[in-house]
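Shown next, in structure tokens, is the structure this report addresses.
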Amino acid sequence: MKSFVHLHLHSEYSLLDGTIQFKPLIERARKLSMPAVAVTDHGGMMGTIPFYEEALRGGVKPILGTEIYVAPGSRAERKVAPTGEYAYHLILLAENGTGYRNLMKLSSLAHTEGFYYRPRVDKELLRRYSEGLIATSACLQGEIPLAMGTEGEAKALEVLEEYRSIFTDGRFYLEIQDNGLPDQERMNPLLVALARRTGTPLVATNDCHYLNPGDDKLQEILLCLQTGKTISDPTRMRFGSDQFYVKTVEEFERAFGHVAPDALENTLAIAERCNVEIELGVNKIPEFALPPGVTADGKLREIAAAGLERRLEERFKREGGLPDALVEEYRRRLAYELSVIEKTGFASYFLIVADFIGWAKDGKIPVGPGRGSAAGSLVAFCLRITEVDPIRYKLLFERFLNPERVSIPDIDCDFCKDRREEVIAYVQRKYGEENVAQLITFGTWKPRGAVRDVGRVLEMPYAEVDRIAKMIPADLKMTVENALKAEPRFREMIDANPKIAELFRFAGEIEGRSRHAGTHASAVVIANRPITEYSPLYRQATGEITTQYGMDPTARVGLVKFDFLGLRTLTAIDDTLKLLEELRGVEIDLNALELTDAETYEVLGRGDTVGVFQAESAGFTKLVKNLKPDQFNHLIDMVALHRPGPLQSGMADDFVERRHGRRKAEFLHPRLKEILGDTYGVMVYQEQVMEIAQALGGFTLGEADVLRKAMGKKDDALMERQKSRFLEGAKKNGIPEAKAVAIFDLMAQFGGYGFNKSHSAAYALLAYQTAYLKTHYPVEYFSALMTSESGDTDKIIRYIAYCREKGIPILPPDVNESRFAFFPSDRAIRFGLSAIKGLGASAIDAILEA
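Residue numbers (my numbering): 3 to 852.
Printed below as a string of structure tokens:
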């Protein structure tokens with residue numbers, strides 16, 4: 003026999019158990035001349051899409067499956083089997099598209115309906131969704147091997163016949179394994195005999211949990227991390243063999259060639275039968291419900307046009323008139339954006355976002371002014387998705403939606419943190435709970451955490467491991483390998499102490515792997531059909547239901563993501579406005595607020611940034627104090643400048659010097675002055691790079707966005723092509739080559755530090771609003787702010803100290819006077835009961851009701 007296919011295999015998505023990663027798996031399959039390979043992770047399918055794509059890239063057929071858990075009775079019953087099992091193991095493999103969809107359905111129902119210690123299905127579900135699936139009897143924890151081992155052949159035969167009645171037409175196989183376990187060696191001949199007696203086909207597998215011989219120690223470390231044990235603990239969970247690796251065909255021939263050669267041949271037969279094609283890269287944008295005869299494009303044009311008229315009227319009233327040329331610029335820009343949206347087919351996306359934001363605003367749920375590149379869209383502004391005028395602040399639509407590199411728009415939405423769930427619940431009601439799900443996310447090991455966890459399993463002294471971990475540079479892109487290169491003392495430690503060598507070896511092995519699953523902080527997918535047709539569902543430890551596929555895989559299968567972020571600042575702002583109305587009768591429309599208040603800028607210019615959104619850090623305080631902003635554009639600039647790149651490169655300092663005239667702004671070309679004049683010749687924004695490419699290099703703004711992305715990737719070959727394109731365009735514009743080269747090099751030097759101006763503008767608006775409220779209504783604002791941060795003791799201490807410094811008394815808690823929240827009392831603030839440690843909500847309610 004020249005080939006063999008592994009059909010029972012656990013990847014790293016069998017969290018804290020499987021160790022196999024997809025690229026090395028496919029490389030090994032090719033090396034061993036295996037035409038296909040299956041992945042059958044425990045209780046889920048989380049790695050399906052990355053495995054599928056990696057296998058196709060490597061020329062190996064991907065077989066999609068899972069090791070599902072089967073309840074001993076009904077999935078609704080919370081009981082154990084007579085053998086003491088919560089659930090039996092069963093391998094399921096998808097033969098075709100129907101089988102793949104049934105696999106997703108079963109995996110989802112196991113999590114949503116049958117969860118008891120593990121996600122479980124029952125025989126009723128298996129019967130209902132068996133079409134297109136091949137099943138095998140799994141490991142020693144399968145129902146048939148357990149029945150054989152505890153109750154004998156008669157019971158095993160009874161269970162086998164039940165499975166054969168579910169998976170008809172020869173789709174059920176008895177599974178024998180060569181894993182080195184004595185119990186398995188005793189079970190194999192019994193299963194072979196049962197197969198011969200009943201005519202049930204056999205299949206050979208190895209329950210692979212690691213890729214190569216010798217990888218078993220890594221798996222043991224993961225199991226210790228899963229169970230909270232140490233490597234020397236005699237009670238720790240272990241497999242009892244070092245044979246659970248991806249074995250060769252020769253090894254399987256030695257094991258079974260003489261007793262069950264058909265079990266080897268059937269691996270190839272099953273692989274031949276399994277042919278699943280997943281549609282990738284086709285967006286499944288949900289359709290927005292509209293009356294018959296009304297199209298999404300037409301509806302978007304209608305409400306955007308009406309929205310523009312309202313926006314122009316607001317600006318007209320605010321400024322006492324608008325030039326005809328400016329009005330025409332708005333109309334031209336809106337028509338252009340709508341044409342791009344119509345061409346790309348994203349009208350429904352905008353309507354959906356506008357709908358749930360409109361619902362939130364109608365329900366008095368605070369909504370942020372914008373976030374990310376969406377603030378550069380006039381359509382979004384007209385639909386009141388955002389509150390930042392892209393014409394006024396020179397924001398680019400192409401930075402948000404590039405007509406030349408079409409991808410799904412990404413409109414991130416900030417909501418009051420306390421009421422975000424209400425908006426998600428509205429979306430679930432509107433589109434159907436089965437069509438909406440939050441996204442899963444995976445927590446991965448970083449170098450320091452990997453060292454600490456491995457050190458704990460290896461029982462190394464805590465102080466020693468902690469010291470080693472702290473020596474690893476605190477860089478987000480740091481790896482264990484790079485840390486060894488960066489810190490010479492590590493090599494000395496490794497040479498002197500084999501235990502430390504082992505520590506670094508296994509820390510490097512687990513680094514980057516997923517250690518747990520969680521719910522994404524903001525991402526929600528919405529579809530026109532049940533999510534389970536595109537991704538299986540997963541029950542989190544908290545009970546929340548999410549997708550099993552992560553962010554990239556859900557995008558690859560076409561699910562469209564919407565981001566619902568919770569922002570405490572919005573809660574604080576809203577509570578401030580309510581207090582002002584309740585206590586003073588003052589009503590403030592922050593969206594109509596002029597951004598020119600001299601007192602607010604004076605407070606900021608003194609470095610008085612406590613309580614100001616995005617501005618409380620020491621670094622931002624220093625920047626704002628040095629810059630002394632006196633206009634809103636300065637706040638936009640500061641949000642962009644206060645980041646590691648501009649600060650470490652000296653760009654921020656250079657900006658400050660030029661702002662105060664202590665350093666002259668120089669421009670290599672007159673057009674650069676038009677683009678960089680507002681930022682004193684400093685290239686602060688990505689949008690400025692795009693405008694320079696357009697004005698001097700002859701790029702369209704869509705092409706310029708491609709250049710902008712190339713600069714962020716640091717891809718030399720790609721940058722060289724972009725440079726040639728820029729020089730060619732500059733030549734046509736009459737710019738000498740030497741000057742064009744100098745301009746491009748300047749773009750390349752500073753473009754990598756450039757920030758998204760649209761996001762800066764939206765967050766600068768929040769910074770201004772909080773600074774304004776703090777300046778003019780400090781008692782109300784800090785009452786609201788401390789309530790919103792009542793769970794953060796350090797912040798409460800800081801805000802109390804600041805209030806006292808500014809002459810605002812903080813009155814102690816009083817059972818007769820205190821409320822749940824911090825509350826203004828004359829010109830003082832009464833301490834809120836919610837911030838008292840150890841005092842729960844029920845106790846507070848009892849106090850307030852007494």
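We put the beta carbon where it would ideally sit given N, CA and C, even for glycine.
Counting only residues of its own chain and dropping the five nearest sequence neighbours on each side, residue 811 has a CB closer than 6 Å to the CB of 830. Per DSSP, the beta bridge partners of residue 70 are 92. Straight through space, the alpha carbons of residue 608 and residue 661 are spaced by roughly 17 Å. Of the residues assessed, residue 101 falls on the buried side of the cut-off, its CB having 16 or more other CB atoms within 10 angstroms. Annotation: the continuous beta strand (DSSP E) that includes residue 135 extends over 135-138.
Within the region 499-577, the beta strand (DSSP E) runs of at least 3 residues that lie entirely inside it are, in chain order, 516-528, 539-541, 547-549, 562-569.
Taken in chain order, the whole alpha helix (DSSP H) runs of length 4 or more contained in the region 653-740 are 653-661, 672-678, 688-699, 703-715, 718-734. Membership of residue 256 in the alpha helix (DSSP H) is indicated by the continuous run 251-258. Close CB contacts of residue 343 within its chain, under the 6 Å cut and outside five residues either way in sequence, are with 349 (chain order). Sequence-distant partners of residue 268 (beyond 5 residues in either direction) whose C-beta falls short of 6 Å from its own C-beta, in its chain, are 203, 205. About 7 Å separates the beta carbon of residue 389 from that of residue 767, a gap short enough to meet the 8 Å contact definition. The beta carbons of residue 88 and residue 119 sit about 5 Å from each other, so the pair counts as a contact at 8 Å.
Per DSSP, the beta-bridge partners of residue 144 are 91. For residue 743, the three-state secondary structure derived from DSSP is helix. Using a Cβ-Cβ distance cut-off of 8 Å, the region 781-798 and the region 394-401 are not in contact, since fewer than three pairs of beta carbons, one from each stretch, lie closer than that value. Taking a cut-off of 8 Å on C-beta distances, the region 614-622 does not touch the region 578-598, as fewer than three cross pairs fall below it. If you ignore the 5 residues before and after residue 145, its C-beta comes within less than 6 Å of the C-beta of 90, 161, all in its own chain and listed in chain order. Listed as beta-bridge partners of residue 177 by DSSP are 205. DSSP places residue 44 in the strand class (E or B) of the three-state scheme. DSSP places residue 16 outside any alpha helix (DSSP H), giving it a letter other than H or E.
The residue from 699, 636, 670 with its alpha-carbon nearest to that of residue 759 is 636. With respect to the C-alpha of residue 544, the residue from 114, 73, 805, 303 having the closest C-alpha is 114. Residue 384: not part of any beta strand (DSSP E); member of the alpha helix (DSSP H) spanning 380-384, first to last residue. In the DSSP assignment, residue 416 falls within the unbroken beta strand (DSSP E) covering 414-418.
In this structure, the alpha-carbon of residue 336 lies about 20 Å from that of residue 706. In the three-state scheme derived from DSSP, where H, G and I count as helix and E and B as strand, residue 220 is classed as helix. In the three-state reduction of the DSSP assignment, residue 830 falls in the strand class, which pools E and B.
Within a 10 Å sphere around the beta-carbon of residue 249 sit 16 or more other beta-carbons, which makes this residue buried.
In terms of Cβ geometry, residue 12 and residue 40 do not form a close pair [threshold 8 Å].
Assignment of residue 638 by DSSP, reduced to helix, strand and coil, places it in the helix class.
Judged by DSSP secondary structure, residue 771 falls within the alpha helix (DSSP H) whose first and last residues are 759-778. Collapsing the DSSP output to three states places residue 440 in a strand.
DSSP, reduced to helix, strand and coil, places residue 212 outside both helices and strands of the structure shown, so it counts as coil. Residue 113: member of the alpha helix (DSSP H) spanning 99-114, first to last residue. Counting other Cβ atoms within 10 Å of its Cβ, residue 735 stays below 16 and is therefore classed as exposed. Residue 717 sits exposed, since fewer than 16 C-beta atoms from the chains shown fall within 10 Å of its C-beta.
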